[in-house]
Amino acid sequence: MSRNPQLGRNGELVHLLTLEGLPAEVIAHILDTAEPFVSIAEREVKKVPLLRGKAVFNLFFESSTRTRTTFEIAAKRLSADVINLNIGASSTSKGETLLDTVDNLCAMNADMFVVRHSQSGAPHLIASHLTTMGRSYVHVVNAGDGRHAHPTQGLLDLYTIRHYKKDFRALTVAIVGDVLHSRVARSLIHGLTTMQTAQVRVIAPRTLVPARIEALGVKVYNDMREGLRDCDVVVMLRLQSERMKGALLPSPGEYFKHYGLTDEKLALARPDAIVMHPGPMNRGVEIETAVADGARSVILPQVTFGIAVRMAVLSIVAAN
Amino acid sequence: MSRNPQLGRNGELVHLLTLEGLPAEVIAHILDTAEPFVSIAEREVKKVPLLRGKAVFNLFFESSTRTRTTFEIAAKRLSADVINLNIGASSTSKGETLLDTVDNLCAMNADMFVVRHSQSGAPHLIASHLTTMGRSYVHVVNAGDGRHAHPTQGLLDLYTIRHYKKDFRALTVAIVGDVLHSRVARSLIHGLTTMQTAQVRVIAPRTLVPARIEALGVKVYNDMREGLRDCDVVVMLRLQSERMKGALLPSPGEYFKHYGLTDEKLALARPDAIVMHPGPMNRGVEIETAVADGARSVILPQVTFGIAVRMAVLSIVAAN
Amino acid sequence: MSRNPQLGRNGELVHLLTLEGLPAEVIAHILDTAEPFVSIAEREVKKVPLLRGKAVFNLFFESSTRTRTTFEIAAKRLSADVINLNIGASSTSKGETLLDTVDNLCAMNADMFVVRHSQSGAPHLIASHLTTMGRSYVHVVNAGDGRHAHPTQGLLDLYTIRHYKKDFRALTVAIVGDVLHSRVARSLIHGLTTMQTAQVRVIAPRTLVPARIEALGVKVYNDMREGLRDCDVVVMLRLQSERMKGALLPSPGEYFKHYGLTDEKLALARPDAIVMHPGPMNRGVEIETAVADGARSVILPQVTFGIAVRMAVLSIVAAN
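Residue numbers (the numbering used here), protein chains in the order written: chain A, 298 to 617; chain B, 298 to 617; chain C, 298 to 617.
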């Protein structure tokens, strides 16, 4: 299929599968839509009736309390009915295929699927299947698939950067850490280049840099001090504990020495640089506590914006 | 107790425990009540306020994401508050008895229990206990007990048959597979005979036919081709994977050869025959994919009707 | 911090962490507030909009279906959005600290945390942290921490006693069983002494009596018959099954003989004495069935009052 499967005939967003290839105006529209939702969250009654009576299914084939919770909150603030399905323990263990599960939930009149899956491409597969079955009025939102994409995380990162720094075209953004295994990094890189960010840098040890990543429009640094110089935004990635034990890295302590963010290293970035992290943090591994809790950290605002961005995505696709 | 424990003084449905002995007019009333709920599910706002402020407890002593989800959706569309209790992991493991758990939940002002239990008779036991305790205003819906009954599945099967075939009295219905271990089969047989279905057939290997099943008013066939001849409705049963390994059967491949539904075997039924399955399907074991996804399959509409039938049951017992 | 951390500047309740040091008028206000909520639970529509649009997080670091369910029902009857987080299986297993988890949930605009934790003091730690972070508008309710406190259980016990016996100052109350390991006992003792109960007795084998418990204002009895004499209220404690196997006790049968409540022992109390138990009961270990289900048992009303008391606590702290 040559057409972008997440866009409808008139270029409107019907699924959110990846930020790769998503037009800048669609991204900007999502960020604009999220803005009023930030203030709703500060009101006494944090609810709007945009999705009232709609059934949103959280289909988590890979467990993630944090991401599942943010989608659950976003959907409930939109007044949807939310059904959490932890599929690891369910029908697929009875030998039912992924698409049989989806067909069954569609037959229950699902309106939307929020899908987390350990296999890259699972949300795409579901979206194509829905089209094939003539059920294109059911929407799919990718909540993280394998190493491929985590588009709502990418969007909340973009929202945060735009909130603090306004114009992407003037910015240097560094993404630091295990880019190789990170769907967060991949989605953010696509988003940043689409929004015409002046320079996107990747800082990582050689073993954690994907082959041919420069083709995505990023500059690679193996030396963190060099890479941080004059950055406006520093995005730290979580180091999965399984990597710490693997052959790709020496030890958490060694990693921290070379790629952990400290106040001293951060001094190389611009004085008004912001520090981001998708969470959960490994304090003392990829980031020191003084930085994580410091004045330039916008890690908690990221979480707040994340709810608003997810409300925006759910309400936009539901309307299309 | 000689009186049917699921009916009140005036014959109204207060619990749904089994289809055995349930009068035809009660069944017909449930099916009639379900009809408008099918269209509610297709509306933008899929909610009616019939159970607003009521507390429905999903008491699943045996895990079943699929059935639990259908009841959760049904109750939420009726605007009830739904509390899911996975009791395997809960108080009973602390040594609390089933009836102590029920008493405690009643004391929390439960309005309704949807009960799934691996032991036949558990929902009956709860219903009798509620009567003994003077809490007959609390309702019990059996969501599957042991090998005994799965009445809402039986009702959604009846709804599906009536939807496509109108008059039970003119129909030949074949139920194919592991009838011995199937509460689905048992409930459907009772429902079909009560609704005066012209002929109900059971097709299974000798080892999977319960003793004295003819007493229920069915005709037994060990040869699938013979049994399918001129059927209007073919209901395939799921072959539990534990049976495949057991002494009762040779192998999944051998089972498929003799009792798997193929287009070729289905050709023996009437040209307008419909194919049903309670799900989840074992494709290639009891049914081939061409049939499961074919033009005569009504397997997904069964799921849709299942929500409406459960909404009907919940709203009827709540009103009585 | 010298000030009571659960009270605001004007002495109003902002968190509920423990009954220790909580002024009698605050306790009385909670009990008074709970009264109308008891009747709400008996209405057709069991909901009031006091917490509409508020996000209540059930943070259960230690699993407890029963307590979690009572808080979930209480919050839903107040129309809150409830998010259940079973944290054992979640972020903390990813190495995130307790306070990072709390910060993240605050960033999602949580309004209230209901916290169950195996470590004594965890809810206090969260409450102090919220104050430090300038988030004192987020409220913490302790749902049981280690052996320290279970204040909502203590309050529902007080509610039950006041309901049946009116004036604490005229009463003799006996708490029987494993006081050493019981946060329920500790909270109830603080509540009873604050409400100026005439006499609070603790009845237990020597091995299950905490050192220096007399300092709390209770009288210790090792002989149950002696301790029960002329009591108005008998509160039985659950004997954890791990204790039954431990070195502290001989056997369940021996325990029952000496400290199990029977009709015969209960005859030593006042004729109108009431019998309480926090549940779940071990029938035949700490209490015999005839007493548990007998005319003087108020064990099920305790559960009913527990919902109302939790509704009172949630609505009071939310308003402050």
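Where a beta carbon is used, it is the ideal one built from N, C-alpha and C, also for glycine. Fair warning: this is a prediction, and the values are worked out from it, not measured in the lab.
Residue i and residue j closer than 8 angstroms at C-beta
{"i": "C/Y552", "j": "C/M521", "result": "no"}
{"i": "B/L316", "j": "B/V345", "result": "no"}
{"i": "A/E583", "j": "A/M533", "result": "yes"}
{"i": "C/V517", "j": "C/E523", "result": "no"}
{"i": "A/R535", "j": "A/I571", "result": "no"}
{"i": "B/H623", "j": "B/A605", "result": "In the structure as shown, chain B starts at 298 and stops at 617, and residue 623 of chain B therefore has no counterpart that could be examined."}
{"i": "A/T364", "j": "A/R413", "result": "yes"}
{"i": "A/I327", "j": "A/F354", "result": "no"}
{"i": "C/A371", "j": "C/L565", "result": "no"}
{"i": "A/G514", "j": "A/V497", "result": "yes"}
{"i": "A/Q404", "j": "B/T601", "result": "The residue you asked about is not Gln; residue 404 of chain A is Ala in the sequence shown. Contact: yes."}
{"i": "B/L452", "j": "B/L505", "result": "no"}
{"i": "C/N617", "j": "C/L310", "result": "yes"}
{"i": "A/H445", "j": "A/S415", "result": "no"}
{"i": "B/L485", "j": "B/V531", "result": "no"}
Contact with chain A by residue i, beta-carbon distance below 8 angstroms
{"i": "B/M492", "result": "no"}
{"i": "B/S299", "result": "Residue confidence for B/S299 is low, a pLDDT of 45 falling below 50, so the modelled location carries little weight; the figure read from the coordinates is stated next. No, B/S299 does not count as interfacial toward chain A."}
{"i": "B/I604", "result": "yes"}
{"i": "C/D397", "result": "yes"}
{"i": "C/F410", "result": "no"}
Interface partners of residue i on chain B, CB under 7 angstroms
{"i": "C/K344", "result": "G350"}
Option nearest residue i by Cα separation, candidates the options
{"i": "B/A440", "options": "B/V572, B/N401, B/M573, B/T367", "result": "B/T367"}
{"i": "A/V399", "options": "A/M492, A/I423, A/H574", "result": "A/I423"}
{"i": "A/V438", "options": "A/P448, A/E585, A/G603, A/G524", "result": "A/P448"}
{"i": "B/G443", "options": "B/S479, B/K463, B/D408, B/D527", "result": "B/S479"}
{"i": "A/T559", "options": "A/F358, A/A589, A/L427", "result": "A/A589"}
{"i": "C/R306", "options": "C/L347, C/E339, C/S433", "result": "C/S433"}
{"i": "A/L314", "options": "A/H460, A/R483, A/R526, A/M578", "result": "A/R483"}
{"i": "B/R340", "options": "A/E561, A/D378, A/A325, A/K351", "result": "A/K351"}
{"i": "B/K463", "options": "B/L489, B/S538, B/N301", "result": "B/L489"}
{"i": "C/N406", "options": "A/N617, A/A609, A/I613, A/G603", "result": "A/G603"}
{"i": "A/L477", "options": "A/R607, A/L348, A/P502", "result": "A/P502"}
{"i": "C/M285", "options": "C/D397, C/H460, C/V411, C/A325", "result": "Residue 285 of chain C lies beyond the stretch modelled for chain C, which goes from 298 to 617, so this question has no answer here."}
{"i": "A/R607", "options": "A/V531, A/L304, A/I324, A/N301", "result": "A/I324"}
{"i": "B/F465", "options": "B/N519, B/D529, B/V499, B/D408", "result": "B/D529"}
{"i": "A/G576", "options": "A/E322, A/Q450, A/E561", "result": "A/Q450"}
{"i": "A/L468", "options": "A/V481, A/R526, A/H426", "result": "A/R526"}
{"i": "C/D378", "options": "A/K343, A/R349, A/I384", "result": "A/K343"}
{"i": "C/L304", "options": "C/S425, C/N401, C/S336, C/D408", "result": "C/S425"}
is_contact[residue i, chain B] using C-beta, thresh 8 angstroms
{"i": "C/A587", "result": "no"}
{"i": "C/E551", "result": "no"}
{"i": "A/S387", "result": "Because A/S387 carries a pLDDT of 49, less than 50, the predicted location of this residue cannot be relied on, and no value is offered for it."}
{"i": "C/P302", "result": "no"}
{"i": "C/I324", "result": "no"}
{"i": "C/I458", "result": "no"}
{"i": "A/M405", "result": "yes"}
Contacts of residue i in chain B (Cβ-Cβ under 8 angstroms)
{"i": "C/A564", "result": "Under the 8 angstroms cutoff, chain B gives no residues; its nearest Cβ is about 25 angstroms from C/A564."}
{"i": "A/N401", "result": "R363, G576, P577, L597, V600"}
Within chain A, the residues that residue i reaches when beta carbons sit closer than 9 angstroms
{"i": "C/I380", "result": "T366, E369, I370, K373"}
Within chain A, the residues that residue i reaches when beta carbons sit closer than 8 angstroms
{"i": "B/E339", "result": "N406"}
{"i": "C/V393", "result": "The identity of residue 393 of chain C in the sequence shown is Glu, whereas the question assumes Val. Correct list: G576, P577, M578."}
So, do the region 316-325 of chain B and the region 593-611 of chain B have three or more beta carbon pairs nearer to each other than 8 angstroms?
no
Flag this pair as touching only if the region 454-461 of chain C and the region 413-427 of chain C have three or more C-beta atom pairs under 8 angstroms; answer yes or no.
no
Contact the region 329-338 of chain A vs the region 353-369 of chain A: 3+ CB pairs below 8 angstroms:
no
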